[in-house]
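Protein chains: 2
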Amino acid sequence: MYRITGSSVPVTETNLLEHIGEVIRIHGSVYKIRKMRGFAFVLLRCAKHIYQCVYSEEKAKFPLEVLVEESCVIFQAEVVGEERSRMGAELHLIDVEILSKPYEISQVVINQKEVDTSLATLLDYRPVTLRNEKERAVFRIQNGITDGFRIFFRKYGFTEIHTPKIGSAGAEGGANIFRMDYFGKEAYLAQSPQFYKQMMVGVHERVFEIAPVFRAEKHDTSRHLNEYTSVDVEMGYVTSVETLMETETYMLKSMFSYLKEEYEEELALLKVSLPDLQEIPVIPFAKVKEIVARIRHSEVTDPEDLEPEEEKRICQWVKEKTGSEFVFVTEYPEKKRPFYTMESKEHPELTRSFDLLYQGLEITTGGLRIHNYEEQVAKLQRRGMRPESFASYLMAHRAGLPPHGGMGIGLERLTSQLLGYSNVRRASLFPRDMHRLEP
Amino acid sequence: MYRITGSSVPVTETNLLEHIGEVIRIHGSVYKIRKMRGFAFVLLRCAKHIYQCVYSEEKAKFPLEVLVEESCVIFQAEVVGEERSRMGAELHLIDVEILSKPYEISQVVINQKEVDTSLATLLDYRPVTLRNEKERAVFRIQNGITDGFRIFFRKYGFTEIHTPKIGSAGAEGGANIFRMDYFGKEAYLAQSPQFYKQMMVGVHERVFEIAPVFRAEKHDTSRHLNEYTSVDVEMGYVTSVETLMETETYMLKSMFSYLKEEYEEELALLKVSLPDLQEIPVIPFAKVKEIVARIRHSEVTDPEDLEPEEEKRICQWVKEKTGSEFVFVTEYPEKKRPFYTMESKEHPELTRSFDLLYQGLEITTGGLRIHNYEEQVAKLQRRGMRPESFASYLMAHRAGLPPHGGMGIGLERLTSQLLGYSNVRRASLFPRDMHRLEP
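So the protein lines, in turn, are chains A and B. For the first sequence, counting from 1, position 167 maps to 167 in UniProt numbering; every step adds exactly one. For the second sequence, counting from 1, position 15 maps to 15 in UniProt numbering; every step adds exactly one.
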């Protein structure tokens, strides 16, 4: 019986600058071979960086021909200082151990600066196209976004929760819900962790969840995914929408400064400059409608909702007036917000809710929730919904809940807007839409 | 147009010891009122702690009767040093602002040391029973487990990924898969992120995902959930099972030391002592069968799989022999492992895989994967499976993958074993089993 001591984990990469003049071993995938006169550049793709290697017949103990792009290797190489290289050093190849070879060279070229192809092809070949340096950087940054948020959450007393994705009732109800058979019972996929995070406010006061949500929306647009990652937040002892907006603004600031600190290389590679977020303007919904109508020289249309075009227009207007790429829109009409949204006391036709728009796109919906049992039951009944269908959700209200509110941030939308993409699919590893179940 | 500056987030709790002699305001839920002669103890449940408050008619400006258990309040109180109190101080109540009241007192008593009821009732009333101090501590610790793992992952170069839970093929295949209609196409819920994490090894080298997985298993046992949280890990440039086991052991050690550091109070409350994890014994599958048969004075039965009873027996044996609560079982028979598992070169009837057993229960399955395209296709064909059905998965193999492997850890099982529960449902906020879709 032998034992595992768990005393080390192999490194993924070596910081070359600490090993100049030394001979090291380094593993990675041969990203690109560029033959020059008398020598060759070989780019080695490692976990986080791409290293420039130099192959010369004088130094190397192997013929260049044994190297194939996308083969996985361990190089033995000398580290040589080289200011013109991105890493400040390059690797002069001495020997190679070939660990694996591709079966064939991918039809899609992935080792140019960009993957030069249509969005459909980019997504169809995701397992391969994600290997492109820029494509993978998108998801490194996305990891930075969630880590940045998590640091904030831990600091401010939020507990992370894992709530079920299969259930017997939908948070928003309606047709936009995936149905399934669950051992002979009808079940639904969660459109959001709304009910559960509210229940959990009664337990931990502040909770968050970063998890998939499912929407059976028949929207075939550049903004919609049928499965996406929702950053859900809920906090107790909150009695104003402003506290929620303050919290989100703080969250975003913390996250951006974490990105700036830890993801400088990826941001530079994608030529992304982080927004200089100082403060976020707040405009009530009705005012937004007015401003946009004025800009368009038209009447106010659809007084209960914002069209995507209106979201774009108001963002442009705010950007021009204040320099901000973000704007909070508040006081949405009651009719278009879910049944758990708290109404304004003075104007019950309006809600104490908000959306956050970023560069023309809604990335967050939030608001105060009804915490009083009788108020919630009355509201359900006014909407013609049956309180009995929400018995386990309402159990929390019956037993007493603090005043509370929260928000949900679409991770892919936030990533996509930050990177300046026109289609949210670019910010999802393996997007799901009406037509796409693969890869 | 006013602006949100995002410059502060309200605190959840105050460290009493820093405010002795001061009058503070603190919000929370009235957990328990205990009337004594001439005064009363009022326990206030805050985000993470429960504070002892003292009500006396001399000091308080309000009658005790306005306080109801599970009402949410803001207390104005003087902080008084008190060594007999768990927090080293208590709160002498001066005034109260009542934020909300429960509609009714819960039928299940939640403010005793334990919720004294059946498991079924405990789960049926989860939105309420989770408010019990011990019940909620379980999920604080669970948050500590995932945070502990994440710290390890960040340190050792793992990138977090979010992979789709709706897809067109199952990783393990078979009957244990939930089906659904996806815009007229048949789709499945992910049994694991197996395919995606392997694809992503070709992109980021090391990846992890902590996300829900779905198993339509008709197992009505204390060990099974039909939806659970899987901590999935995959790493490239790994050519031995030992490296995977080393990594998991290191992960567990890091996580336990994080728990010890950050969750001392919760662990003490639940009377949990963390395992003193130094090293983990490794025993090949065939040897386990032999040892257990010897203990039972019986022949070796079912030579291809371990029964739950055998997992318990071998754990007891290892505990007696070595003191370890963990044991790695290796070299599982090929027939019972999924098609992507790498076989042993010398003994193709055995796999280069492992399970980790903890106190009698399997909490991890892992192993090396087949990375060579032709080898994987041949294996699928040998099993009578159609490689065409796995085209997008195999795209990664065709394009070249490093030797790699990984593991999946069941978060609820790990939590449940650590806390010494006999039923894994105790470690799931809102468990899903064959009979339970609510709450």
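Even glycine gets a Cβ: it sits at the ideal position worked out from N, Cα and C.
{"Check": "Looking only at its own chain, which residues have a Cβ that is under 7 Å from the Cβ of H371 of chain A, when we skip the five neighbours before and after it?", "Outcome": "H397, L401, P402, P403 and H404"}
{"Check": "Report the CB separation of E248 of chain A from M407 of chain A in whole angstroms; it is logged as a contact under 8 Å.", "Outcome": "6 Å"}
{"Check": "Check for me: the alpha helix (DSSP H) holding D147 of chain A runs from which residue to which?", "Outcome": "E133 to K155"}
{"Check": "Give me the DSSP bridge partner(s) of Q376 of chain A.", "Outcome": "Beta-bridge pairing links Q376 of chain A to no other residue."}
{"Check": "Per DSSP, which one or two residues make a beta bridge with P78 of chain A?", "Outcome": "One point to set straight first is that residue 78 of chain A is Glu, not Pro, in the sequence displayed. Looking at the DSSP assignment, E78 of chain A forms a beta bridge with A:V23 and A:H92."}
{"Check": "Consult DSSP for S254 of chain B and reduce its assignment to one of helix, strand or coil.", "Outcome": "helix"}
{"Check": "Can you tell me which residues form a DSSP beta bridge with S230 of chain A?", "Outcome": "A:A211 and A:G410"}
{"Check": "With distance defined between alpha-carbon atoms, name the residue in B:F390, B:E310, B:E227 and B:V327 nearest to M434 of chain B.", "Outcome": "B:E227"}
{"Check": "Can you grab the Cα-Cα spacing for the pair L236 of chain B / Q191 of chain B, in whole Å?", "Outcome": "The question names Leu, but residue 236 of chain B is Gly in the sequence shown. One C-alpha to the other measures close to 22 Å."}
{"Check": "Check the Cβ of L419 of chain A against every Cβ in chain B and list those closer than 7 Å, keeping chain order.", "Outcome": "Within 7 Å Cβ-Cβ: nothing; L419 of chain A doesn't reach chain B, min ~16 Å."}
{"Check": "Does K32 of chain B come out as helix, strand or coil in the three-state DSSP assignment?", "Outcome": "strand"}
{"Check": "Below 8 Å, how does it come out for the stretch 49-56 of chain B and the stretch 85-95 of chain B: are there three or more Cβ pairs, yes or no?", "Outcome": "yes"}
{"Check": "Would you call the CB atoms of F152 of chain A and M87 of chain A closer than 9 Å?", "Outcome": "no"}
{"Check": "From this set, A:E234, A:Y182, A:L244 and A:R126, which residue's C-alpha is nearest Q107 of chain A's C-alpha?", "Outcome": "A:R126"}
{"Check": "For a contact meaning CB atoms closer than 8 Å, what does T14 of chain A contact in chain B?", "Outcome": "Those do not exist, as T14 of chain A stays about 12 Å from chain B at its closest Cβ, beyond 8 Å."}
{"Check": "So with CB distances below 7 Å, who are the chain B contacts of S389 of chain A?", "Outcome": "Near S389 of chain A there are no residues of chain B at all, since even the closest Cβ is about 11 Å away, more than 7 Å."}
{"Check": "So for D315 of chain A, helix, strand or coil by DSSP?", "Outcome": "Note on identity: in this sequence residue 315 of chain A is Cys, with Asp being the wrong assignment. Helix."}
{"Check": "Kindly list, in the order they appear in chain A, the residues whose Cβ is closer than 8 Å to that of I283 of chain B.", "Outcome": "M1"}
{"Check": "Could you check where the alpha helix (DSSP H) with D124 of chain A kicks off and where it finishes?", "Outcome": "L119 to D124"}
{"Check": "So N372 of chain B contacts chain E; which residues on that side make the cut at Cβ distance below 7 Å?", "Outcome": "The structure shown contains no chain E; its protein chains are A and B."}
{"Check": "Can the beta-carbon of I114 of chain A be found closer than 9 Å to that of K134 of chain A?", "Outcome": "According to the sequence shown, residue 114 of chain A is Glu rather than Ile. Yes, the pair counts as a contact, with Cβ atoms nearer than the cut-off."}
{"Check": "Per DSSP, what kind of secondary structure is L52 of chain B in: helix, strand or coil?", "Outcome": "One point to set straight first is that residue 52 of chain B is Gln, not Leu, in the sequence displayed. Three-state result, Q52 of chain B: strand."}
{"Check": "Should C53 of chain B be flagged as near chain A, meaning a C-beta pair shorter than 9 Å?", "Outcome": "no"}
{"Check": "What are the start and end residues of the alpha helix (DSSP H) that includes K287 of chain A?", "Outcome": "F285 to R296"}
{"Check": "In whole angstroms, what separates the C-alpha of N176 of chain B from that of Y188 of chain A?", "Outcome": "18 Å"}
{"Check": "At which residues does the alpha helix (DSSP H) containing K101 of chain B begin and terminate?", "Outcome": "Per DSSP, K101 of chain B belongs to no alpha helix (DSSP H) and is neither H nor E."}
{"Check": "Under 7 Å Cβ-Cβ, which residues of chain B neighbour I145 of chain A?", "Outcome": "Simply none; closest approach about 10 Å."}
{"Check": "Which one of A:E307, A:L380 and A:K319 has the shortest CA to CA distance from K342 of chain A?", "Outcome": "The amino acid occupying residue 342 of chain A in the given sequence is Met; Lys does not appear at that position. Of A:E307, A:L380 and A:K319, the residue nearest in Cα terms is A:L380."}
{"Check": "Is the Cβ-Cβ distance between V79 of chain B and V30 of chain B less than 9 Å?", "Outcome": "no"}
{"Check": "Mind checking if K48 of chain A is an interface residue toward chain B, Cβ cutoff 9 Å exclusive?", "Outcome": "yes"}
{"Check": "Please list the terminal residues of the continuous alpha helix (DSSP H) segment that includes G323 of chain A.", "Outcome": "No alpha helix (DSSP H) holds G323 of chain A; DSSP gives it neither H nor E."}
{"Check": "Which of the three DSSP states, helix, strand or coil, is assigned to P281 of chain A?", "Outcome": "strand"}
{"Check": "Return the residues of the stretch 65-78 of chain A that lie within a Cβ-Cβ distance of less than 7 Å from chain B, sorted by chain order.", "Outcome": "E70, S71 and C72"}
{"Check": "Could you tell me whether the Cβ of F214 of chain B comes closer than 9 Å to any Cβ of chain A?", "Outcome": "yes"}
{"Check": "Since Q417 of chain A and Y358 of chain A should fall inside the 8 Å C-beta cutoff, what is the C-beta to C-beta distance between them, to a whole number of angstroms?", "Outcome": "5 Å"}
{"Check": "Nearest CA to the CA of V282 of chain B: which residue from B:T239, B:R352, B:H19 and B:I295?", "Outcome": "B:R352"}
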